[in-house]
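Notes follow once the structure below has been shown.
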Amino acid sequence: MMSLYSRRVVRNKVWLSLSVGAAGFGLLWLVLILSTLVWNGIAGLSLSVFTEMTPPPGSAGGLLNPIVGSLIMTLIAVAIGTPIGMLAGTYMAEYGRYDRITYAIRIINDILLSAPSIIVGLFIYEILVVTMGHFSGFAGAVSLAVIVIPVVVRTTEDMLLLVPNQMREAASALGAPQWFVISRVAYRGAQAGMVTGVLLAVARISGETAPLLFTALNNQFWGVNLNAPMPSLPVVIFQFALSPYEDWQRLAWTGALIITVAVLSLSILARVLLSKGVER
Amino acid sequence: MAELTMGAVQFAERSNLKRFIATDSFFKYLTRAAAITVLAILFGVFVSLTLGAWPAFRAFGLDFLTVQTWNPVTEKFGALAPIYGTILTSLIAMLIAVPVGIGIAIFLTELCPRLLRQPIGIAIELLAGIPSIIYGIWGLFVFAPFLQQHVQPALIGFFGGVPILNQFFAGPPYGIGMFTAGLILAIMVIPFISSISRDVFDTTPAVLKESAYALGCTKWEVIWSVVLPFGRSGVLGGVMLGLGRALGETMAVTFVIGNAHRISASILAPGTTISATIANEFTEAVGDLYTASLIALGFILFVITFIVLAIARYMLSRLELKTR
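Encoded structure:
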């Protein structure tokens, strides 16, 4: 029979080591996934991956057209989503800070932020693909933009709320109108954070597959026509990985490595930028 | 600042006053319109999915939710198997991810040496940043074969003699299936739960913890009776947020679920989830009823995740009120 005291000590040790074990368990997966990814991806990595088109099964090729397709769609998505997101965030933090509608938008935005991306794909399919009559790169870009907006709204609002109110009051006291205060004082203070939001949004959409499956579809050939189906890296990985051909599977691994490196370096860059911005 | 005083000087000029007011109201309505766009998107999702799913709901009524058949040839569709798969895989994921996620958060806030705190925290969060398709390809080529060869035979053997439980761990080890999908979802959800729980635990007032230590509590007792109760609603919010992700996750699951429209007693068997069904079949769906049924699945997923995420936000906002 243990004394109460040693029972407490033992229980303390058991639970604390379980917690350390949990952290090890979490890190283990990160190491496992990244190492197999590098191991399998690097074998197929060569210059031709970036200069050649996706091959038919059984021959050599690269990932040029899906890489370009992904870049184009990401660019357009950011071009559509960022202004809307930033303006909406501005309204919530500045003009409508105490409005009831802001409260509602904040809840809705948070829900959109974590809503399943495949739902976004279905939504854009219904409103763009069905009405236009065919799949298109444009529809893919819009579906990505729908994912960009909540990310940018959230960071813009949060960052603007961090700007001290005294700065706004000082500017207003000098007689500056509100748009002037917002664009010259508030935006300047929140700059780093807002850029971070855009970077995070890019990181988020560059790996997105589900919303592209039935909006941009895929395309075996070179094409920069936004009105036609457009290939993207994630969708090509999906198609190639599930194919029975070994060359395709190898390319899928290489593509996976490229995406992961891009996404992880973007999110690390965003983190660095944010910590610098906060220090200042 | 030069610009600011300039602005003030300009403002004094009468002729500019009107322009300033006009610009201000223009900017105000522009930002307001953008803010309302956010509401419009959610409304648009709801309306477009309802309209798209309507033919299926009209054809099958409530049976859609309770019928297991999914037959594109005879155009008979029921969502029971995907709904079951979605809930089962998420359940497996949460059973693993909740204790592990909270454990990591406890480690990071209470145990970890200060120097390692940030690197380990970032590493765990990187796990959340990895795109889901990567989890999918890794799960299919690395994790599923590993489970098939080592873990699943052991499970089948271990539970083989146990009544009732052997039903759940029966059948040949396929590698892919509900169990594998649940495990991968668990890995994906862990960072969500741990990063929110960590933020929540960090808000525990030091005074509370210190007074518990002063009464002679062990570290675990402080965590169990001070830190955890204080952050309860926040942690629950994080768990719901993770659940929302697990329910709607598409690509990682699509790779390893096996896409079989049936409900098996064994959790090792292949199955399907709502999102995997949509991802696999949508572009190949011929016929309006088939497409409408898939959109109806999407509608159901949307409603479920909406409710779960709304609860998550409610829980998190309650914590915010408490710490304010």
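Sequence lines, in order, name chains A and B.
If you're matching positions, the first sequence starts at 1 in our numbering and goes up one per residue.
If you're matching positions, the second sequence starts at 1001 in our numbering and goes up one per residue.
Positions of the beta carbon are idealized from the N, C-alpha and C atoms, including for glycine.
Only a predicted model underlies this, so the values are computations on that prediction, with no experimental measurement involved.
Have a look at the options and flag the residue whose alpha-carbon is nearest the alpha-carbon of residue i.
i: A:E208; options: A:T102, A:Y95, A:S117; result: A:S117
i: B:Q1148; options: B:L1065, B:R1262, B:L1268, B:I1120; result: B:L1268
i: A:L199; options: A:I149, A:H134, A:Q178; result: A:I149
i: A:Y245; options: A:L273, A:V31, A:P55; result: A:P55
i: A:R100; options: B:G1157, B:I1036, B:L1297, B:A1312; result: B:I1036
i: B:F1201; options: B:G1238, B:I1187, B:A1186; result: B:G1238
i: A:R168; options: A:A139, A:R188, A:L28, A:G21; result: A:R188
i: A:L217; options: A:Q249, A:A145, A:W248, A:V129; result: A:V129
i: B:C1133; options: B:V1253, B:Y1314, B:F1306; result: The sequence shown places Ile at residue 1133 of chain B, rather than the Cys named in the question. Among B:V1253, B:Y1314, B:F1306, the Cα nearest to that of B:I1133 belongs to B:V1253.
i: B:A1292; options: B:E1210, B:K1076, B:T1086, B:I1307; result: B:K1076
i: B:T1050; options: A:G44, A:G96, A:E126; result: A:E126
i: B:I1304; options: B:L1095, B:I1087, B:A1276; result: B:I1087
i: A:I259; options: A:V142, A:D247, A:G61, A:S232; result: A:S232
i: A:F214; options: A:R11, A:Q239, A:G140; result: A:G140
Exposed or buried, which one is residue i when buried takes at least 16 other CB atoms within 10 Å?
i: A:E94; result: buried
i: A:N109; result: buried
i: B:E1284; result: exposed
i: B:T1066; result: exposed
i: B:H1261; result: buried
i: A:L71; result: exposed
i: B:W1220; result: buried
i: A:L274; result: buried
i: B:M1001; result: Caution applies to B:M1001, whose pLDDT of 49 falls short of 50 and renders its modelled position unreliable; the model cannot decide the point.
i: B:P1153; result: exposed
i: A:W222; result: exposed
i: B:P1205; result: exposed
i: A:N165; result: exposed
i: A:P57; result: exposed
i: B:G1287; result: exposed
i: A:G197; result: buried
i: B:I1021; result: exposed
i: A:G24; result: exposed
CB-CB under 7 Å to residue i, same chain, minus the five flanking residues each way: which ones, in chain order?
i: A:S19; result: none
i: A:A256; result: L37, G41, I237
i: A:S267; result: L200, A203
i: A:R280; result: In this predicted model, A:R280 has a pLDDT of only 48, less than 50, meaning its place in the structure is not dependable enough to derive any value.
i: B:I1120; result: L1108, C1112
i: B:N1280; result: T1254, N1259
i: B:P1055; result: D1288, L1289, A1292
i: A:I182; result: T90, E94
Give a yes or no on whether 8 Å exceeds the smallest Cβ distance from residue i to chain B.
i: A:A238; result: The sequence given here has Phe at residue 238 of chain A, not Ala. Chain B, which has a Cβ nearer than 8 Å to the Cβ of A:F238, makes this yes.
i: A:G207; result: yes
i: A:Q178; result: yes
i: A:N12; result: yes
i: A:N219; result: no
i: A:I76; result: no
i: A:W15; result: yes
i: A:R110; result: The displayed chain sequence assigns Asp, not Arg, to residue 110 of chain A. Output row for A:D110: interface = yes.
i: A:P116; result: yes
i: A:R280; result: Reliability fails at A:R280, whose pLDDT of 48 lies under 50, so the model's placement of it is uncertain and no value is given.
i: A:V367; result: As shown, chain A starts at 1 and ends at 280. That puts residue 367 of chain A outside it, with no answer to give.
i: A:V202; result: no
Can a CB atom of chain A be found closer than 8 Å to the CB of residue i?
i: B:F1201; result: no
i: B:G1328; result: An answer regarding residue 1328 of chain B cannot be provided, because it is not within the stretch 1001 to 1324 covered by chain B.
i: B:K1219; result: yes
i: B:P1082; result: no
i: B:M1094; result: no
i: B:F1027; result: yes
i: B:I1039; result: In the sequence as presented, Ile is not what sits at residue 1039 of chain B; that position holds Leu. It does; some Cβ of chain A falls within 8 Å.
i: B:W1070; result: no
i: B:I1087; result: no
i: B:G1175; result: no
i: B:L1126; result: yes
i: B:R1313; result: yes
i: B:S1048; result: yes
i: B:L1030; result: yes
i: B:G1044; result: yes
i: B:D1063; result: no
Excluding the 5 residues preceding and the 5 following residue i in the sequence, name in chain order all residues of the same chain whose CB lies nearer than 6 Å to its CB.
i: B:I1092; result: G1182
i: B:F1159; result: L1165, N1166, F1169
i: B:L1127; result: P1191
Kindly list the residues whose CB is nearer than 8 Å to the CB of residue i, restricted to its own chain and excluding five residues on each side of it in sequence; keep chain order.
i: B:D1063; result: G1078
i: B:L1140; result: I1176, F1255, V1256
If you scan the region 1111–1144 of chain B from start to end, which runs of the alpha helix (DSSP H) of 4 or more residues do you find wholly inside it? 1114–1129, 1132–1138
Continuous alpha helix (DSSP H) assignments of at least 4 residues falling wholly in the region 179–251 of chain A: 187–206, 210–213, 233–241
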